[in-house]
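Enquirer: This is the structure, below, for whatever I ask next.
Numbering (my numbering), first residue to last: 425 to 694.
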């Protein structure tokens with residue numbers, strides 16, 4: 425089944441079907457990273473994300489964390505294992521069920537709670553020292569819903585809290601990889617939206633400056649299966665020596681970006 429078929433029933437249906445197929449498999453990366461891609465490809469994405477986020481996830485015991493769009497709970501469990509009190513939300517009930525299962529197996533059920541909620545109507549009844557959202561806004565295509573989601577995250581941020589977002593946000597608008605469930609908005613459009621929502625940028629860093637994967641992706645559906653796999657292996661191998669050592673520093677060339685934000689007028693040092 426291709427992504428276009430999955431999206432026919434709506435966005436929630438798309439993510440429920442992805443979760444049904446992939447959430448319980450291994451680390452669940454096929455459910456939360458790139459649909460239909462081989463494990464080595466999704467592991468490379470996961471590695472780049474972990475390296476990019478590492479400076480911002482050094483939580484102290486008792487830190488209140490909101491994982492917005494938590495999927496199978498990969499960030500929730502990492503932060504709970506470090507002593508944080510984590511609330512994870514996702515609009516997919518299957519993703520949330522899998523996150524709860526993984527928390528139970530890891531012995532972290534007491535440090536995590538997971539809720540089925542739409543980010544645009546987020547209401548957990550609490551405020552958080554850290555609000556984290558990884559590759560979630562890029563899947564909210566409607567501008568009003570995007571603005572509502574960001575406003576709801578800001579409303580859940582403690583006065584001195586930190587909002588950390590990792591999103592597809594190239595330096596200029598590039599539509600070659602856009603689809604019915606994904607949009608790579610220009611970085612400047614996010615910066616304008618943050619200001620509209622009362623948020624101030626404290627730090628900006630890169631994730632994946634190597635361009636090889638984004639060059640290949642638009643052409644991938646036309647390649648025979650064997651050639652497609654070989655091409656994916658080649659671009660993954662070529663990307664890692666760039667993304668791993670230079671991902672954070674080459675922000676101007678990066679396809680994804682990490683935005684570190686706080687309430688306007690309040691500075692929050694690393």
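Glycine is no exception: its CB is placed at the ideal position from the N, C-alpha and C atoms.
#1: Assuming residue 476 contacts residue 629 (C-beta within less than 8 Å), just tell me the rounded distance between them.
#2: Who are the Cβ neighbours of residue 695 in its own chain at under 7 Å, not counting the five residues just before and after it?
#3: Taking residue 619 as the reference, which of 688, 438, 489, 437 has the closest Cα?
#4: So, using beta-carbon positions, are residue 607 and residue 562 closer together than 8 Å?
#5: Leaving out five residues on either side along the sequence, give the residues of the same chain with a beta carbon under 6 Å from the beta carbon of residue 529.
#6: When we look at the beta-carbon of residue 599 and count the other beta-carbons within 10 Å, is it buried (16 or more) or exposed?
#7: What residues match up with residue 630 in a beta bridge as DSSP calls it?
#8: Output the distance between the C-alpha atoms of residue 481 and residue 503, rounded to the nearest integer angstrom.
#9: Should residue 499 go down as buried or exposed, given a rule of 16 or more other Cβ atoms within 10 Å for buried?
#10: Closest to residue 676 by C-alpha separation, out of 604, 596, 489, 641, would be which residue?
#11: How should residue 473 be labelled, buried or exposed, when 16 other C-beta atoms within 10 angstroms of its C-beta is the threshold for buried?
#12: Measure the Cβ-Cβ separation of residue 552 and residue 515 and say whether it is below 8 Å.
#13: Pull up the distance between the alpha-carbon of residue 682 and that of residue 458, whole angstroms please.
#14: Output the residue ranges of the beta strand (DSSP E) runs that lie fully inside the stretch 534-571 and measure 3 residues or longer, sorted by chain position.
#15: For the stretch 508-522 against the stretch 437-444, do three or more pairs of beta-carbon atoms, one drawn from each stretch, fall closer than 8 Å, so that the two count as touching?
#16: Quick check: what's the CA-CA separation for residue 509 versus residue 496?
#17: Among residues of its own chain, excluding the 5 on either side of residue 468, which ones have a beta-carbon nearer than 8 Å to its beta-carbon?
#18: Quickly, what does DSSP pair residue 687 with across the bridge? List them, please.
#19: Starting from residue 588, trace the beta strand (DSSP E) in both directions and tell me its first and last residue.
Expert: Let me lay it out:
#1: 6 Å
#2: Any question about residue 695 goes unanswered here, given that the chain covers just 425 to 694.
#3: 688
#4: yes
#5: none
#6: exposed
#7: 681
#8: 7 Å
#9: buried
#10: 596
#11: buried
#12: no
#13: 18 Å
#14: 536-540, 552-558
#15: yes
#16: 17 Å
#17: 660, 663, 664, 667
#18: 623
#19: 581-592
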